[in-house]
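K.L.:
Questions regarding the structure given below will be posed in turn.
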Amino acid sequence: MLTTNIELKPKVKAFLNEEIKMFINGEFVPSISGKTFETYNPATEDVLAVVCEAQEEDIDIAVKAARFAFESGPWAEMTTAERAHLIYKLADLIEEHREELAQLEALDNGKPYQVALDDDISATVENYRYYAGWATKIIGQTIPISKDYLNYTRHEPVGVVGQIIPWNFPLVMSSWKMGAALATGCTIVLKPAEQTPLSLLYTAKLFKEAGFPNGVVNFVPGFGQEAGSAIVNHHDIDKVAFTGSTVTGKYIMRQSAETIKHVTLELGGKSPNIILEDADLEEAINGAFQGIMYNHGQNCSAGSRVFVHRKHYETVVNELVKMANEVKLGAGMEAETEMGPLVSKKQQERVLNYIEQGKAEGATVAAGGERAFEKGYFVQPTVFTNVTDDMTIVKEEIFGPVVVVLPFDSTEEVIERANRSSYGLAAGVWTQNIKTGHQVANKLKAGTVWINDYNLENAAAPFGGYKQSGVGRELGSYALDNYTEVKSVWVNIK
């Protein structure tokens, strides 16, 4: 039986006992319709909390609040240094409440508490501090034209932005988007995923405590077909930023075209992780395992296709199978847990269906392949062998702890096969020849390539995809371009 052996913080207990409201115009408010929805602990299937559900009319109120804050409120009059101070203050408060936030992520998402604390919360703080530093450094250019004319550029905030956050890394993904938007002076209407809204709605209290003016940040929990669509289709939202599935990303792109909204999309992946003949096998095997199993495989950049030089294929498969069989599954709030449940029943069924499809198409389950425990949305870490490039489990994003292992014979062959995908989010290369590593990285059609490592991220390093893995870049200075308009000003100085 699953238990919780990490004691809940008093503030977390109190928060979960509330009816958790939306955050609009600096106030915690119920939805106009009075609708609510329940969020569940994926390890126990028990109700965690009741959350107010945003509908179209709530989105409209939030957008109006964000528009007023952008055009007329104190946010519009702040200096860049004052904006930076607020973002730094927010980062400090998140760090101060790191244990509460990590517990909410573990309860709502299912990830191990220590992982949430060490990875998610730390990255969230780092991201906000990084963008706080940028708030005072967004500058234009002076362009020499002639002695009679001066031209200069201004980088102005794009306006009111709608942001739609996924359920796999709620706080981290929100900091990617909100950090850049706030640094540039935009205002925000953000919809957290309906599966995992709690950490974001707790953070709303910290935005208020930090002193952000009313309307600058608005949180509207709800479902994609109602709240998400209302954000995408609202005539007064200037930009939409979305992280999630490619199917939904295509819908957002089509709908945004009606009003020519700016769009940033960080979408799916089926990322190759390539172990070359000269790789350090111990490092490569560990990297390949963590590359797919991190966050229960619920990671858009997961290295779900492991290509191994035929010389090492049997060794790598045997080690991956051994590691998969040794993983300690459990609730996120169990101290011993190494891998938690998937986020929902729907996601568990999706992953199990892919596993069954892999079997039906002739692949071999070398490890795992089943649900674990009677309660909770657990799936065993699964390793497939005897797979071919045309199988569904090789081509489609599964978004769970499922890896396919494929042999190859030459570097040229594996590059071609790795690129044979509609996705292009990330890739890994393992080699002891750094020249070879660079050469392979240059030929891979992926927005991020790791050489002799996997899943590294940093606030300063851009992230995004080629092909159907997205449009635009998150993180780094590149993300700032997504939230600004460039204005060219001409001055007659004759």
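Take any residue in the sequence shown, note its place counting from 1, add 119, and you have its number in this note's numbering. Backbone N, C-alpha and C define an ideal beta-carbon position, used for all residues, glycine too. Small disclaimer: the values here were computed from a predicted structure and weren't measured.
1. Contact defined as beta carbons within less than 8 Å: I believe alanine 482 pairs with methionine 442. What is the distance between those atoms, to the nearest angstrom?
2. Taking the beta strand (DSSP E) that histidine 415 belongs to, which residues open and close that run?
3. Grouping DSSP H, G and I as helix and E and B as strand, with all else coil, what is tyrosine 268?
4. For the segment 135-162, list the beta strand (DSSP E) runs that are entirely contained and at least 3 residues long, ordered along the chain.
5. Using 8 Å as the threshold, is the C-beta distance between glycine 519 and alanine 545 below it?
6. Buried or exposed for asparagine 611, going by 16 or more other Cβ atoms inside 10 Å?
7. When we look at the beta-carbon of tyrosine 250 and count the other beta-carbons within 10 Å, is it buried (16 or more) or exposed?
8. Would you call the segment 281-294 and the segment 348-364 touching, i.e. three or more CB-CB distances under 8 Å?
9. Is histidine 354 helix, strand or coil when you go by DSSP?
10. Kindly indicate which three-state DSSP category arginine 273 falls into: helix, strand or coil?
11. So is glycine 192 buried or exposed if we call it buried at 16+ other beta carbons inside 10 Å?
12. Could you check what DSSP says for leucine 594 in three-state terms: helix, strand or coil?
13. Identify every residue that forms a DSSP beta bridge with cysteine 171.
14. Mind reading off the beta-carbon distance from leucine 317 to aspartate 227? Whole number of angstroms is fine, and I expect it under 8 Å.
15. Can you tell me whether threonine 483 is helix, strand or coil according to DSSP?
16. Tryptophan 569 lies in the beta strand (DSSP E); which residues open and close that run?
17. Beta-carbon separation of alanine 195 and alanine 254 under 8 Å?
18. Going straight from the alpha carbon of threonine 378 to that of lysine 369, what length do you get?
19. Output the boundary residues of the beta strand (DSSP E) element that contains phenylalanine 426.
20. Do phenylalanine 338 and proline 622 count as a contact pair if the criterion is CB distance below 8 Å?
21. Can you look up isoleucine 240 in the DSSP assignment and give me helix, strand or coil?
22. Go to glycine 574, then tell me how far its alpha helix (DSSP H) extends in each direction, as first and last residue.
23. To the nearest whole angstrom, what separates the beta carbons of glycine 259 and threonine 272, a pair I think is in contact under 8 Å?
24. Identify the residues that DSSP records as bridge partners of leucine 604: which are they?
25. Please go through the same chain and pick out, in chain order, the residues whose beta-carbon is closer than 6 Å to the beta-carbon of isoleucine 301, but skip the five residues on each side of it.
26. With DSSP as the reference, identify every bridge partner of alanine 98, one or two as the case may be.
27. Relative to the C-alpha of valine 382, which candidate in Ser596, Leu594, Val590 and Ser607 has its C-alpha closest?
28. What is the rounded straight-line gap between the Cα of valine 223 and the Cα of threonine 198?
29. Check proline 636 in the structure and name its three-state DSSP category.
30. Confirm, please, whether the CB-CB distance from glutamate 489 to glutamine 499 is below 8 Å.
31. Could you spell out the range, first to last residue, of the beta strand (DSSP E) harbouring isoleucine 307?
32. Once you ignore the five residues that flank leucine 121 on each side, which residues in its own chain have a CB closer than 8 Å to its CB?
33. Using CA atoms only, rank isn't needed, just tell me which of Lys613, Thr603, Val608 and Ser607 is closest to valine 359.
P.N.:
Answer, in terms of the structure:
1. Not really, about 19 Å apart at Cβ, beyond 8 Å.
2. Segment: none, histidine 415 is in no beta strand (DSSP E) and carries neither H nor E.
3. Taken through DSSP and simplified to helix, strand or coil, tyrosine 268 comes out as strand.
4. Fully enclosed beta strand (DSSP E) runs of 3 or longer: 141-143, 146-148 and 155-159.
5. Not in contact: glycine 519 and alanine 545 (Cβ atoms no closer than 8 Å).
6. With fewer than 16 other Cβ atoms within 10 Å, it is exposed.
7. Burial is judged here by how many other beta carbons sit within 10 angstroms of a residue's own beta carbon; tyrosine 250 has at least 16 and is buried.
8. The segment 281-294 is in contact with the segment 348-364.
9. If DSSP states are grouped into helix, strand and coil, histidine 354 belongs with coil.
10. Arginine 273 falls in the strand class under three-state DSSP.
11. A residue is called buried once 16 or more other Cβ atoms fall within 10 Å of its Cβ, and glycine 192 is buried on that count.
12. In the three-state reduction of the DSSP assignment, leucine 594 falls in the coil class, being assigned neither a helical nor a strand state.
13. According to DSSP, which records beta bridges pairwise, cysteine 171 is partnered with Thr155.
14. Contact between leucine 317 and aspartate 227 holds: their C-beta atoms lie close to 5 Å from each other, under 8 Å.
15. Here threonine 483 sits in strand by DSSP.
16. Its beta strand (DSSP E) spans residues 567-570.
17. Going by C-beta atoms, alanine 195 is not nearer than 8 Å to alanine 254.
18. About 15 Å.
19. Run containing phenylalanine 426: 424-428, per the beta strand (DSSP E) assignment.
20. No answer is possible for residue 622: it lies beyond the span of the chain, which begins at 120 and ends at 613.
21. Of the three classes helix, strand and coil, the one that applies to isoleucine 240 here is helix, per DSSP.
22. Residue 574 is actually asparagine in this sequence, not glycine. Boundaries for asparagine 574: no alpha helix (DSSP H) harbours it, and the DSSP string shows neither H nor E there.
23. Contact between glycine 259 and threonine 272 holds, with the beta-carbon distance rounding to 4 Å and staying under 8 Å.
24. Contrary to the premise, residue 604 reads as glutamate rather than leucine in this sequence. Partner(s): Glu275.
25. A small correction: the amino acid at residue 301 is leucine; isoleucine does not occupy that position in the sequence shown. Correct list, in chain order: Ile206.
26. Coverage of the chain is limited to positions 120 through 613, which leaves residue 98 absent and any answer about it impossible.
27. Comparing alpha-carbon positions, the option among Ser596, Leu594, Val590 and Ser607 lying closest to valine 382 turns out to be Val590.
28. Strictly speaking, residue 223 in this sequence is leucine, with valine absent from that position. Taking the straight line from one Cα to the other gives about 34 Å.
29. Nothing can be reported for residue 636: it is not among the residues displayed for the chain, which extend from 120 to 613.
30. When the beta-carbon positions are compared, glutamine 499 and glutamate 489 come within less than 8 Å of each other.
31. Membership of isoleucine 307 in the beta strand (DSSP E) is indicated by the continuous run 306-310.
32. Residue placement at leucine 121 is flagged as unreliable, the pLDDT there being 44, under the threshold of 50; the coordinate-derived value follows with that caveat. Here the set comprises Ala162, Thr163, Gly449, Ala450, Glu453, Phe492, Lys494 and Gly495.
33. Comparing alpha carbon positions, the residue from Lys613, Thr603, Val608 and Ser607 closest to valine 359 is Thr603.
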